[in-house]
Amino acid sequence: MSTAILTGPPAPGSSLDGDLRSLGFDVRAASGADEAGSLLAAVPAGERVALVDPRFVGHVHALRLALTDPRFPAAAAPGALTVQNGARPALARALTAAGASGADDLTGTLADALDADGVAVHRPQLGTLVATVPADAEARHEARAAVDAVDDEAVRLRSAVKAHDGFFTTFFISPYSRYIARWCARRGLTPNQVTTASLLTALIAAGCAATGERGGYIAAGVLLLVSFVLDCTDGQLARYALKYSTMGAWLDATFDRAKEYAFYAGLALGAARNGDDVWALALGAMVLMTCRHVVDFSFNEANHDATANTSPTAALSDRLDSLGWTVWARRMIILPIGERWAMIAVLTAVTTPRIVFWALIIGCAFGACYTTAGRVLRSLTRKARRTDRAAQALADLADSGPLAGIVARVLARTGPRVPGVVLAAVATGALLATVLARPFGDRQIVIIAVFYVVLSGAAVARPLKGALDWLVPPLFRAAEYTTVLVLAARSDSAQALPAAFGLVAAVAYHHYDTVYRIRGGTGAPPAWLVRVTGGHEGRTLLVTVLAAFLADRGDDFTLALTALAVAVALVVLVESIRFWVSSGAPAVHDEGETA
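Offset between the sequence shown (1-based) and my numbering: plus 5.
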C-alpha cells in the first residue's frame with residue numbers, strides 16, 4: 006500500500022479520494038504543509054508517498070502516470086507529486102521550507118524544491134489528458150467538462166504502444182496486441198509472465214524447426230510470430246498498467262536475444278537432419294547481428310551527453326523524417342526486430358534454413374552498412390567533444406581484459422598518440438586477414454593474435470574521445486567473434502561450429518549485459534568478471550592457441566571450445582542474475598531502439 010496525503014479538505018463533489026484509492030493509495034488529509042510533514046514522518050519506511058492538491062481535477066490515468074510509475078525517484082503533474090523512499094528526506098526538507106513560505110501551489114513548489122535539491126523529478130507527457138488545479142468555480146467547471154470530453158481508456162490504450170516502433174509492429178501487431186495487454190491486465194497477469202510465455206513459445210518454435218520437416222517449419226514460423234506478438238504485449242502491458250520492474254527490464258532485454266539465437270540453432274539442427282550443414286551461416290548471422298547492435302550501442306553512448314545537433318548529416322536526417330513516408334522507409338530498410346522476425350517466420354515456413362540465413366545475412370548486412378555509414382558521417386561533422394562519461398562507457402564496452410590492461414598502463418604516458426579507432430582497425434584487420442589466409446592450426450596466427458593483444462591495449466591506453474572512437478568496441482567484437490567462427494569452420498571436427506555457436510552466444514550475452522548495466526547508470530560489470538573471462542583479447546588469444554596446439558588431435562579443439570563456452574556462460578550468468586535481482590539494479594525500460 007502507498008500513502009497519498011491531501012494537502013487540504015477535498016472540494017465538494019470531487020472524486021479525488023476514490024480515484025486515489027482505486028490506484029492503491031491509503032488517503033489521508035492534512036490542513037497544510039506542517040501537518041503534511043507530520044503525516045509524512047508517520048508513513049512506514051519503504052512506502053511510496055504522494056502529495057495531492059485537494060482542488061485537483063483530471064483524469065485517473067493522469068494521476069496514474071504521475072503517481073504510480075515505479076521507474077523514477079520522484080514524479081509530478083499539476084497538483085500532484087510523488088516520491089519513492091530514497092527521496093523522502095528531500096521531500097521532508099522541502100515541506101519544512103514550504104511551510105514557512107506559505108506557498109499556494111504547494112505541490113508545484115515542492116517539485117521545484119526537489120529539483121533544486123538534486124532529486125530528478127519526472128514530469129510525464131499527458132497529451133490530451135487533463136491534470137489541473139482550477140483557481141475558481143468557473144475554471145473547475147471547464148476542467149470537468151474537458152475531462153468528460155476525453156476518453157481516458159482510449160488514451161491509456163494508445164499510450165501502451167511504444168512511440169517509435171517499426172512498420173510491421175506498428176501496423177500488423179500493435180492494433181490488436183494492445184487489447185491483449187488490456188485483457189492480461191484485467192486478469193492480473195504481469196509483464197514478466199507474458200515475457201516468459203514469449204520465451205517458451207519461441208523455444209517451442211525452435212524445437213519445431215529442429216525437426217527438419219515441412220510441417221515443423223510451418224509450425225515454427227507461426228509460433229515465432231506468436232512469440233513476437235507476446236513480446237510486444239509484455240511491454241504494452243507494462244505501459245498500460247505501469248507495472249515496470251527491474252527484473253522485467255532484464256528479462257525483456259535478454260530474452261529477445263535468447264529467442265532469436267535459439268531459433269537459429271533450431272534451424273541449423275533441422276537443416277542437419279536433411280544433410281545440409283548451415284551452422285557456419287547460423288553463427289555468421291549471430292555475429293553480424295551482435296556486431297550491428299554493438300555499433301548502435303557504442304554510437305548512442307558516445308553521444309549520450311550531446312546537448313545539440315551539430316551535424317549537418319543529422320540535420321538532413323531530421324528533414325527526411327519530416328516528410329512522413331521516409332520515416333517508415335528508413336525504419337524498414339534497417340530490418341528492425343519486427344520486420345526481421347516476420348521475414349524469418351515466413352521464409353522458415355516456405356523455404357529452407359539455408360535460404361533463411363542468407364536472406365537474414367544480406368538484409369542485416371545492408372542495414373548495418375546503412376546505419377554505420379550515416380553514423381560515421383555524423384561523427385565526422387559533429388562539433389561537440391566527447392565527455393569523460395562517454396569515454397568511460399566506450400572503454401567499458403570494449404571489454405578489455407588483463408592483457409590489454411597491462412599494455413594500456415605501459416603506453417598510457419609514453420605511447421604514440423594514435424587514435425584508438427586506428428589502432429583497433431589495424432589490430433582487427435591484421436588478425437582477420439591472417440586467420441582467413443593461413444590454414445587451420447598455423448602457429449603464425451598465434452603470433453598475430455599476440456600482436457592483436459598489444460594493439461588492442463594501445464587502442465584503449467588513452468580516453469576514447471576521438472570522433473570515430475565509438476567504433477572501437479564493434480571492431481573488437483568483430484575480431485573476436487569472426488576469429489572463433491573461421492577457426493571452427495576450418496576445423497576437421499563436425500561439431501566445432503555448434504561449439505563455437507555456444508561460445509559466441511555466451512560471450513555475446515556478457516556484452517549485452519554490459520550494455521544494459523551502463524544504460525541503467527550503474528557502470529560496467531565488476532572488474533573481477535572481466536579478468537576471469539579474460540577480456541576480448543584474452544579469449545581471442547586463447548582460441549588461437551587452442552587451435553594451434555589441438556589441430557591434429559581429433560575432436561580436442563571442439564571439446565576445448567565447449568568447455569570454454571560452458572565456463573564463460575556459467576560465470577557471466579551467475580553474476581548477471583545476482584546483479585539484476587539485487588536492490589541496486591537499475592530500472593532500465595524498453596523505450597529505446599527497435600532492433
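All C-beta atoms in this analysis are idealised placements derived from N, C-alpha and C, irrespective of residue type, glycine included.
Since residue i and residue j are thought to touch, with beta carbons under 8 angstroms apart, how far apart are those beta carbons, to the nearest angstrom?
i           : j           : result
residue 481 : residue 552 : Wrong, their Cβ atoms sit about 19 angstroms apart, outside the cutoff.
residue 178 : residue 343 : 7 angstroms
residue 247 : residue 197 : Contact flag wrong, Cβ pair sits at about 14 angstroms.
residue 138 : residue 30  : Not really, about 18 angstroms apart at Cβ, beyond 8 angstroms.
residue 400 : residue 469 : 6 angstroms
residue 576 : residue 535 : Incorrect: roughly 11 angstroms between the Cβ atoms, too far for contact.
residue 33  : residue 44  : 5 angstroms
residue 542 : residue 409 : 5 angstroms
residue 41  : residue 90  : About 17 angstroms separates the two Cβ atoms, so there is no contact after all.
residue 59  : residue 11  : 5 angstroms
residue 259 : residue 517 : 7 angstroms
residue 459 : residue 423 : In fact, because the Cβ distance is near 13 angstroms, the residues do not count as touching under 8 angstroms.
residue 70  : residue 129 : 4 angstroms
Determine the contact status of residue i and residue j, defining contact as a CB-CB distance below 8 angstroms.
i           : j           : result
residue 81  : residue 124 : no
residue 162 : residue 183 : yes
residue 484 : residue 419 : no
residue 509 : residue 486 : yes
residue 431 : residue 476 : no
residue 172 : residue 127 : no
residue 100 : residue 38  : yes
residue 563 : residue 511 : no
residue 524 : residue 472 : no
residue 435 : residue 461 : no
residue 249 : residue 141 : no
residue 441 : residue 381 : no
residue 119 : residue 92  : yes
residue 363 : residue 229 : no
Who are the Cβ neighbours of residue i in its own chain at under 7 angstroms, not counting the five residues just before and after it?
i           : result
residue 502 : 284, 285, 288, 493, 494
residue 164 : 244
residue 253 : 196, 197, 200, 243
residue 66  : 134, 157, 160, 161
residue 596 : At residue 596 the pLDDT is 47, less than 50, meaning the model places this residue with poor confidence and gives no usable figure here.
residue 565 : 551, 555
residue 190 : 242, 245, 246
residue 232 : 203, 206, 207, 210, 264
residue 36  : 13
residue 237 : 174, 178, 179, 182
Grab the span of the beta strand (DSSP E) containing residue i for me, first residue to last.
i          : result
residue 10 : 7 to 11
residue 34 : 30 to 34
residue 55 : 54 to 57
To which residues of the same chain is residue i closer than 8 angstroms at the C-beta, ignoring the five residues directly before and after it?
i           : result
residue 214 : 221, 222, 225, 268, 271, 272, 274, 275, 353, 358
residue 306 : 395, 398, 399, 402, 475, 523
residue 122 : 95, 98, 99
residue 540 : 404, 405, 406, 407, 408, 409, 410
residue 281 : 357, 358, 359
State the start and end residues of the unbroken alpha helix (DSSP H) segment that holds residue i.
i           : result
residue 357 : Looking at the DSSP string, residue 357 is not in any alpha helix (DSSP H), and its letter there is neither H nor E.
residue 264 : 251 to 278
residue 461 : 448 to 464
residue 653 : Outside the displayed range of the chain (6 to 600) lies residue 653, so it cannot be described from this structure.
residue 145 : 142 to 154
residue 438 : 425 to 442
residue 584 : 561 to 585
residue 497 : Careful: residue 497 lies outside any alpha helix (DSSP H) and carries neither H nor E.
residue 407 : 407 to 419
residue 638 : Outside the displayed range of the chain (6 to 600) lies residue 638, so it cannot be described from this structure.
residue 305 : 284 to 307
Counting only the same chain and skipping the five closest in sequence on each side, list residues whose C-beta sits under 6 angstroms from that of residue i.
i           : result
residue 211 : 267, 268, 271
residue 309 : 395
residue 350 : 226, 229, 230
Could you check if residue i belongs to the surroundings of the ligand MN, using beta carbon to heavy atom distance under 7 angstroms?
i           : result
residue 494 : No copy of the ligand MN appears in this structure; indeed no ligand is present at all.
For a cutoff of 8 angstroms on Cβ pairs, would you count residue i as touching chain C?
i           : result
residue 285 : No chain C appears in this structure, which consists of one protein chain only.
### Query
Could you give the uninterrupted runs of the alpha helix (DSSP H) lying entirely in the stretch 527 to 553, keeping only those of 4 residues or more?
For the stretch 527 to 553, whole alpha helix (DSSP H) runs of length 4 or above, ordered along the chain, are 532 to 538.
### Task
Pick out the complete beta strand (DSSP E) segments inside the stretch 67 to 110, 3 residues or longer, and give them in chain order.
With a minimum length of 3 residues, the continuous beta strand (DSSP E) runs that stay inside the stretch 67 to 110 are 79 to 82, 85 to 88.
### Complete runs of the alpha helix (DSSP H) confined to the stretch 182 to 223 [at least 4 residues]
You should have 196 to 214.
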